[in-house]
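Respectively, the protein sequence lines represent chains A and B.
Residue numbering for the first sequence follows the numbering used here, starting at 29 and increasing by one per position.
Residue numbering for the second sequence follows the numbering used here, starting at 168 and increasing by one per position.
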Amino acid sequence: MRKPKILVVDDDPDLVKAMRLRLRANNCEVITVSDGYSVIGAAQKERPDVIILDLGLPAGDGFVVLERLQSSDTLSGIPVIVLTARDPQGNEQRALKAGAAAFFQKPVDNDELMNVIRVSLPHRSAPGVPMMS
Amino acid sequence: MRYAVERQGLLRSLEIASKQQLEFKNHFLSHVSHELRTPLTCIHQYVTLLLDGLAGPVTPEQYDHLKTVLKSVNQLHAMIRDLLEATRAESGKLRVEPRCVSIGELMQQAVAMMRPAAQGRQIGLEMGLDSRIPLVYADPDRILEVLINLTDNAIKFTEAEGSVMIKACMTETDPSFVYVSVTDTGRGIGMEAQPLIFERLYQDPDSVDNNRSGLGLGLFICKELVRLHGGRIWVTSDPGHGSIFSFTLPLYSLVKLLAPVIAYEERLRAAFVLVRVDLAPLTNPPRGNWRETWKQCLETLRRCVYLDKDLVLPPMWESGATETFFVLASTDMAGATIMTTRIREQLERLANLKTKGTLSITTAPVELGSLDPTQSLEIRVEIVAGRVTEMIMASMDRKQKSPGNGVKHFN
């Protein structure tokens with residue numbers, strides 16, 4: 029079975045490196061983008077199974093990215109998991125209303141994040157999916 | 168006269184300045200919290216990577232050191248969270264979303280979450296619950312937070328071999344509230360500290376230094392959360408022998424909610440049907456934003472009923488993922504069938520529900536035959552509300568015992 033492909037969008041290179049290690053250890057293929065502007069292009073080219081999106085991004089705030097993804101016929105079906113240091117009060121509801129599948133405040137519990145990625149994957153939620161360690 | 172006008176003007180500008188100051192402080196704290204979280208996240212990620220062996224094997228000694236780092240990171244995280252919560256409480260921005268909740272379930276959750284900490288310190292953690300306790304009207308997440316905070320404190324300030332007990336009971340003196348208490352056999356709190364313990368940033372000077380891992384905001388946040396629920400919180404303590412932290416929560420009063428539906432223009436309505444709507448997510452845990460899905464369903468449900476003679480009850484809370492709503496409709500079974508058809512049509516149109524959950528609607532008539540017409544309207548309203556409550560409780564009990572089997576006496 030093809031490895032799940034995850035697009036990580038965050039402007040903190042140290043955090044992106046750690047996320048890449050963690051996701052790869054969970055048998056995922058990882059692509060990364062560090063600004064809001066490049067997300068749509070990367071998503072169209074790579075067709076990720078899930079997008080992990082920070083809200084505070086250079087060149088296009090996370091909410092703008094969510095809006096663009098939702099308005100695209102080809103990309104609106106990709107589950108977006110918001111992972112941000114911002115306060116959930118206000119931001120969580122706004123992100124969910126804008127189409128995010130889940131909202132996590134940093135620092136996130138890794139097991140919880142992996143679990144949400146697993147259930148967000150289309151046709152991969154059956155037990156025994158090789159992704160989970 | 169001129170002085171009075173000037174004085175008023177000065178007072179107004181002082182008030183505006185103090186509001187602006189508070190706004191500035193809130194904004195500043197929110198910004199600082201965001202900025203602190205970013206490096207903290209990085210430390211958290213790399214420490215957990217090392218602990219999980221994803222960057223190569225670690226020796227047992229290194230593992231212990233990393234565990235200490237992770238513990239400190241988690242403490243810092245909790246402090247940042249408390250700081251924000253306390254600021255919100257101060258500026259009136261702390262929010263609660265009360266629902267119909269079983270306090271017993273919340274206590275069980277708190278005990279399950281705190282048991283490892285209690286075992287680690289060789290402290291017995293027990294729960295005592297009067298099974299007749301009715302449902303309370305509370306925000307489940309927030310009350311769980313209060314229970315965990317009080318239990319965590321109790322464990323922290325109790326020596327090994329001691330015990331902590333969480334209890335809930337009713338009292339005759341205050342029948343519209345449930346009393347919840349957390350009792351420990353710890354060192355207790357001095358008389359002079361007791362009135363101050365719920366104040367912001369207060370820390371008992373008698374606390375042993377290595378236990379002072381917080382900012383002194385936990386109990387202040389608990390007090391504010393309980394206050395927002397309409398309850399109160401207090402402590403009684405016997406220094407050297409232990410403390411009892413107690414708080415009250417209002418009962419979920421169906422009678423008060425249902426009375427305007429049951430009686431109209433000084434008369435009891437002719438017939439009632441209880442409609443039950445279950446929304447079950449397709450996956451467990453639910454896929455996507457399930458909370459948003461069931462909120463949309465609730466809004467739709469409210470649009471499907473007659474506001475003047477039907478009532479959509481506040482959502483029932485349970486630890487499972489299935490959401491259950493009840494509607495009391497003042498109609499007979501024929502009218503209820505028309506209503507449920509309308510509800511089904513409207514709910515099935517929701518795109519979110521189509522992809523994320525399944526819907527089940529059942530109805531049951533409320534028995535009115537044995538009502539004594541010579542009794543006062545008030546008493547008859549109470550009897551009908553009591554019957555509706557019993558039907559709801561029985562229906563929820565059955566659901567808990569056999570999940571997914573539906574309700575047998577509903578058809």
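Heads up, the beta-carbon is just placed ideally off N, CA and C, and yes, glycines get one too.
Note that the structure is predicted; figures quoted are calculated from it, not measured.
For B:L480, which residues from the same chain have a beta carbon less than 6 Å from its beta carbon, with the 5 sequence-adjacent residues on both sides left out?
-> Working through the second sequence from its first residue, we reach residue 480 of chain B at position 313. Here the set comprises F493.
Would A:S166 be called buried (16 or more neighbouring beta carbons within 10 Å of its own) or exposed?
-> The question about residue 166 of chain A has no answer here: the residues shown for chain A are numbered 29 through 161.
Output yes or no for whether 7 Å exceeds the beta carbon distance between B:F387 and B:G353.
-> As a first step, residue 387 of chain B must be located in the second sequence, where it is residue number 220. As a first step, residue 353 of chain B must be located in the second sequence, where it is residue number 186. No, the Cβ-Cβ distance between B:F387 and B:G353 is not below 7 Å.
What does A:V114 reach in chain B if we use C-beta pairs closer than 7 Å?
-> Numbered from its first residue, the first sequence carries residue 114 of chain A at position 86. It is Arg, not Val, that sits at residue 114 of chain A in the sequence shown. Within 7 Å Cβ-Cβ: H201.
Taking the runs of the alpha helix (DSSP H) that are 4 residues or longer, which of them lie wholly in the stretch 454-518 of chain B?
-> 457-470, 500-515
How big is the Cα-Cα spacing for B:I226 and B:A285?
-> For this step, residue 226 of chain B is matched to residue 59 along the second sequence. For this step, residue 285 of chain B is matched to residue 118 along the second sequence. Note on residue identity: the sequence assigns Thr, not Ile, to residue 226 of chain B. Across the structure, B:T226 and B:A285 are spaced so that their CA atoms are roughly 27 Å apart.
Would a check of beta-carbon distances place B:E549 closer than 7 Å to chain A?
-> For this step, residue 549 of chain B is matched to residue 382 along the second sequence. No - not a single Cβ of chain A is within 7 Å of the one on B:E549.
Residues within the stretch 29-46 of chain A neighbouring chain B, beta-carbon criterion of under 7 Å | D40, D42, L43, A46
Tell me whether B:P427 is buried or exposed, calling it buried when 16 or more other Cβ atoms sit within 10 Å of its Cβ.
-> To locate residue 427 of chain B, count along the second sequence from 1; it is residue 260. Answer is exposed; the Cβ neighbour count stays below 16.
Compare the C-beta of B:M267 against all C-beta atoms of chain A and say whether one is closer than 7 Å.
-> Position 100 of the second sequence, counting from 1, holds the residue named residue 267 of chain B. Per the sequence shown, residue 267 of chain B should be read as Cys rather than Met. Chain A contact via Cβ: absent.
Tell me whether the beta-carbon of A:R52 lies closer than 7 Å to the beta-carbon of A:V58.
-> In the first sequence, the residue the question calls residue 52 of chain A occupies position 24. In the first sequence, the residue the question calls residue 58 of chain A occupies position 30. The answer is yes: Cβ separation under 7 Å.
Do B:M274 and B:I333 have their CB atoms nearer than 7 Å?
-> By 1-based counting over the second sequence, the position of residue 274 of chain B is 107. By 1-based counting over the second sequence, the position of residue 333 of chain B is 166. Cβ atoms of B:M274 and B:I333: closer than 7 Å.
Going by the CB atoms, is the gap between B:L425 and B:A561 shorter than 7 Å?
-> As a working mapping, residue 561 of chain B is identified with position 394 in the second sequence. As a working mapping, residue 425 of chain B is identified with position 258 in the second sequence. No. Outside cutoff.
Extent of the continuous beta strand (DSSP E) to which B:Y304 belongs | Here the question's residue 304 of chain B lines up with position 137 in the second sequence. Taken as a continuous stretch (DSSP letters only), the beta strand (DSSP E) holding B:Y304 covers 303-305.
Is the Cβ of B:Y213 closer than 7 Å to any Cβ of chain A?
-> Locating residue 213 of chain B in the second sequence gives position 46, counting from the first residue. Yes - at least one Cβ of chain A is within 7 Å of the one on B:Y213.
Taking the alpha-carbon positions, what's the B:E512 to B:P448 distance?
-> Stepping through the second sequence from its first residue, residue 512 of chain B is reached at position 345. Stepping through the second sequence from its first residue, residue 448 of chain B is reached at position 281. A straight line joining the alpha-carbon of B:E512 with that of B:P448 spans about 18 Å.
For B:F387, which of helix, strand or coil comes out of DSSP?
-> Against the second sequence, residue 387 of chain B aligns to sequence position 220. When DSSP states are grouped into helix, strand and coil, B:F387 belongs to the helix group.
Enumerate in chain order the residues of its own chain whose CB-to-CB distance from B:T489 is below 7 Å, with the five nearest sequence positions on each side excluded.
-> Numbered from its first residue, the second sequence carries residue 489 of chain B at position 322. D445, L446, A447, listed in sequence order.
Would you be able to state if there are at least three C-beta pairs under 8 Å between the stretch 217-231 of chain B and the stretch 339-353 of chain B?
-> no
Kindly indicate which residue of B:L237, B:H194, B:Y419, B:L203 has the alpha-carbon position closest to the one of B:Y213.
-> As a first step, residue 213 of chain B is located in the second sequence; it is residue number 46 there, counting from the start. Ranking the options by Cα distance to B:Y213, first place goes to B:L237.
If you measure from the beta carbon of B:R204 to each beta carbon in chain A, is any gap under 7 Å?
-> As a working mapping, residue 204 of chain B is identified with position 37 in the second sequence. Yes, B:R204 counts as interfacial toward chain A.
Simplified DSSP assignment, three categories, for B:M358 = Here residue 358 of chain B refers to the residue found at position 191 of the second sequence. Under the three-state reduction of DSSP, B:M358 is assigned to coil, being neither helix nor strand.
Taking three-plus beta-carbon pairs below 8 Å as touching, is the stretch 300-316 of chain B in contact with the stretch 253-271 of chain B?
-> yes
Given that a residue counts as buried once 16 or more other Cβ atoms are within 10 Å of its Cβ, and exposed if not, what is B:Y579?
-> With chain B running from 168 to 578 in the structure shown, residue 579 of chain B is simply not present.
Is B:R379 close to chain A, meaning its C-beta is less than 7 Å from at least one C-beta of that chain?
-> On the second sequence, position 212 is the one that residue 379 of chain B refers to. Only weak support is given to the placement of B:R379: the predicted model assigns it a pLDDT of 48, under 50, and the question is left unresolved by the model.
Per-residue burial, B:I183 [other beta carbons within 10 Å of its own, 16 or more giving buried] = As a first step, residue 183 of chain B is located in the second sequence; it is residue number 16 there, counting from the start. Answer is exposed; the Cβ neighbour count stays below 16.
Under a Cβ-count criterion, where at least 16 other Cβ atoms within 10 Å of its own Cβ denotes burial, should B:G398 be classed as buried or exposed?
-> As a first step, residue 398 of chain B is located in the second sequence; it is residue number 231 there, counting from the start. Burial call: buried.
Could you run through the stretch 87-113 of chain A and flag, in chain order, every residue whose CB is less than 8 Å away from some CB of chain B?
-> P107, A113
Would you decide whether B:I232 is buried or exposed? Buried here means 16 or more other CB atoms lie within 10 Å of its CB.
-> By 1-based counting over the second sequence, the position of residue 232 of chain B is 65. Residue identity check: residue 232 of chain B is His in the sequence provided, not Ile. Classification of B:H232: exposed, given that the 10 Å Cβ count is below 16.
Integer-rounded CB distance, given that B:V172 should sit under 8 Å from B:D211 = Here residue 211 of chain B refers to the residue found at position 44 of the second sequence. Here residue 172 of chain B refers to the residue found at position 5 of the second sequence. Sequence check: residue 211 of chain B is His here, not Asp. With a Cβ gap of about 57 Å, B:H211 and B:V172 do not count as contacting.
Under the DSSP definition of a beta bridge, which residues are partnered with B:L404?
-> Residue mapping note: residue 404 of chain B aligns to position 237 of the second sequence, counting from 1. A small fix is needed here, since residue 404 of chain B is Ser in this sequence, not Leu. Its beta-bridge partners are B:S410.
Quick one: Cα of B:I556 to Cα of B:P301, how far?
-> Within the second sequence, residue 556 of chain B is the residue found at index 389, counting from 1. Within the second sequence, residue 301 of chain B is the residue found at index 134, counting from 1. First, the amino acid is wrong: residue 556 of chain B is Thr here, not Ile. B:T556 and B:P301: Cα-Cα distance of roughly 10 Å.
Take every Cβ of the stretch 84-101 of chain A, pair it with every Cβ of the stretch 112-129 of chain A, and state whether three or more of those distances are shorter than 8 Å.
-> yes
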